[in-house]
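First comes the structure, then the notes that go with it.
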Ligand code: NCD
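In the working numbering, the protein residues as written are 328 to 636.
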């Protein structure tokens, strides 16, 4: 799987099944190795730069953990305010600058297309950790790794994706990967937060079966995997509109009783109120295992991009 060496990671549609199989194998090897040792030396001397112009807990910290567990170093810009972006520096110039310090860049920014801009300007590989309501390809890879681990296979998947499908960059990226496996998809959202038409028509062209509905109970009863998402408050220009749709879908103890046994529940997190804390003890609640998998998958990605796997 040398094919990712030196590559930017910008969009969920850039991966082949072969890439994903390779990534799963490498990530699971790292997972096993970390059971024996706290850290490895594979990327000793390499430096990761994390540039986050939007809030993040898991994505930034798991990339930094991944790099350090591989023996590499990290330099980090955790907010626009603390950097020259606050003085008006462009994303391109920031990426050009950081290329002089680091070996790989991870960037999150509120504008769609910003990671591509950084990649075009940088002389080192750039990883998109979320560009506005656009894409979040590394989250999709860790989601796929988690699905593979929890369900044992990526075949015959029927997935309910729930919540803010319009603005959710995680689902925009994940459907690209699921389409490689001909998954059947239920899109569950309020009418005004439907999956963008461009994405659904593209999936249909690939022969993917899609059902769009506002009815979570109906969709969930037919699928063994529920992917919940947060209503993306920060993308709303009209907050009264947000107030109207927030809390549209909530999984609680009562709702669990209606699910098929062995239904797996994923969520990229953070959650607001869409999964109640009482659900956390349900065996199929896999979202904190999903968090942990982020480290192994990001280790695999860094090793592949830097040509060490
Ligand atoms: C997601 C994101 O930032 O897009 N979080 C994450 O990376 N795990 C989801 C969200 O913010 O709702």
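Where is the CB? At the ideal position from N, CA and C, for every residue including glycine.
Alpha-carbon to alpha-carbon, residue 440 and residue 569: Start at 1 with the first residue of the chain shown, and residue 569 comes out as number 242. Start at 1 with the first residue of the chain shown, and residue 440 comes out as number 113. One C-alpha to the other measures close to 24 Å.
Apart from the five residues just before and just after residue 475, which ones in its own chain have a Cβ nearer than 7 Å to its Cβ? Locating residue 475 in the chain shown gives position 148, counting from the first residue. Contacts found: 351, 481.
Can you tell me whether residue 566 is buried or exposed, with buried defined as 16 or more other CB within 10 angstroms of its CB? Taking the first residue of the chain shown as 1, we reach residue 566 at position 239. With fewer than 16 other Cβ atoms within 10 Å, it is exposed.
Using a 10 Å radius around the Cβ and a threshold of 16 neighbouring Cβ atoms, would you call residue 621 buried or exposed? Stepping through the chain shown from its first residue, residue 621 is reached at position 294. So residue 621 counts as buried.
Comparing alpha-carbon positions, which option in 359, 367, 546 lies nearest residue 398? As a working mapping, residue 398 is identified with position 71 in the chain shown. Measuring from the Cα of residue 398, the nearest candidate turns out to be 367.
Would you tell me roughly how many angstroms separate the C-alpha atoms of residue 556 and residue 577, rounded to the nearest one? Stepping through the chain shown from its first residue, residue 556 is reached at position 229. Stepping through the chain shown from its first residue, residue 577 is reached at position 250. Those two C-alpha atoms are separated by around 10 Å.
On the three-state DSSP scale, how would you describe residue 612? Locating residue 612 in the chain shown gives position 285, where the first residue counts as 1. In the structure shown, residue 612 sits in a strand (DSSP, three-state: E or B).
Roughly how many angstroms separate the alpha carbons of residue 343 and residue 505, rounded to a whole number? Reading the chain shown from its first residue, position 16 is the one you call residue 343. Reading the chain shown from its first residue, position 178 is the one you call residue 505. Their backbone Cα atoms lie some 11 Å apart in a straight line.
Under the criterion of a Cβ to heavy atom distance below 7 Å, does residue 463 qualify as lining the ligand NCD? Residue 463 sits at position 136 when you count from the first residue of the chain shown. Residue 463: yes, Cβ under 7 Å from the ligand NCD.
According to DSSP, is residue 435 part of a helix, a strand, or is it coil? In the chain shown, the residue the question calls residue 435 occupies position 108. Here DSSP, grouped into helix, strand and coil, assigns residue 435 to strand.
Give me the DSSP bridge partner(s) of residue 455. Within the chain shown, residue 455 is the residue found at index 128, counting from 1. DSSP lists 434 as partners of residue 455.
Nearest-angstrom Cα separation, counted from residue 538 out to residue 501: Reading the chain shown from its first residue, position 174 is the one you call residue 501. Reading the chain shown from its first residue, position 211 is the one you call residue 538. Rounded to whole angstroms, residue 501 to residue 538 spans 16 Å at the Cα level.
Using three-state DSSP, classify residue 392 as helix, strand or coil. The count along the chain shown starts at 1 and reaches residue 392 at position 65. Residue 392 falls in the helix class under three-state DSSP.
Presumed contact (8 Å Cβ cut-off) between residue 490 and residue 516, rounded CB distance: Counted from its first residue, the chain shown places residue 490 at position 163. Counted from its first residue, the chain shown places residue 516 at position 189. At roughly 6 Å, the Cβ-Cβ gap stays under 8 Å, so residue 490 and residue 516 are in contact.
Tell me whether residue 564 sits in a helix, a strand or coil according to DSSP, three-state version. Position 237 of the chain shown, counted from the first residue, corresponds to residue 564. In the structure shown, residue 564 sits in coil (DSSP, three-state: anything other than H, G, I, E or B).
Is the number of C-beta pairs between the stretch 328 to 339 and the stretch 453 to 460 that are closer than 8 Å three or more? yes
Would you identify the three-state DSSP class for residue 580, choosing helix, strand or coil? In the chain shown, the residue the question calls residue 580 occupies position 253. Helix, per DSSP.
Starting from residue 403, trace the beta strand (DSSP E) in both directions and tell me its first and last residue. Position 76 of the chain shown, counting from 1, holds the residue named residue 403. Taken as a continuous stretch (DSSP letters only), the beta strand (DSSP E) holding residue 403 covers 400 to 404.
Return the first residue and the last residue of the beta strand (DSSP E) that residue 598 is part of. Working through the chain shown from its first residue, we reach residue 598 at position 271. Here residue 598 belongs to no beta strand (DSSP E), and DSSP marks it neither H nor E.
Report whether the distance from the Cβ of residue 423 to the nearest heavy atom of the ligand NCD is below 7 Å. Looking up residue 423 in the chain shown gives position 96. Answer for residue 423: no, Cβ out of range of the ligand NCD.
For residue 467, which residues from the same chain have a beta carbon less than 6 Å from its beta carbon, with the 5 sequence-adjacent residues on both sides left out? On the chain shown, residue 467 is found 140 positions in, with the first residue counted as 1. Cβ within range, chain order: 339, 500, 501, 504.
Please go through the same chain and pick out, in chain order, the residues whose beta-carbon is closer than 7 Å to the beta-carbon of residue 601, but skip the five residues on each side of it. For the purposes of this step, residue 601 is taken as the residue at position 274 of the chain shown. Cβ neighbours of residue 601 beyond the five flanking positions: 490, 555, 557, 576, 577, 578.
Cβ contact check for the stretch 397 to 414 and the stretch 369 to 377: 3 or more pairs under 8 Å: yes
Taking 7 Å as the limit, name every residue whose beta carbon sits nearer than that to some heavy atom of the ligand MG, in sequence order. Of the ligands one can find in the structure shown, namely the ligand NCD, none is the ligand MG.
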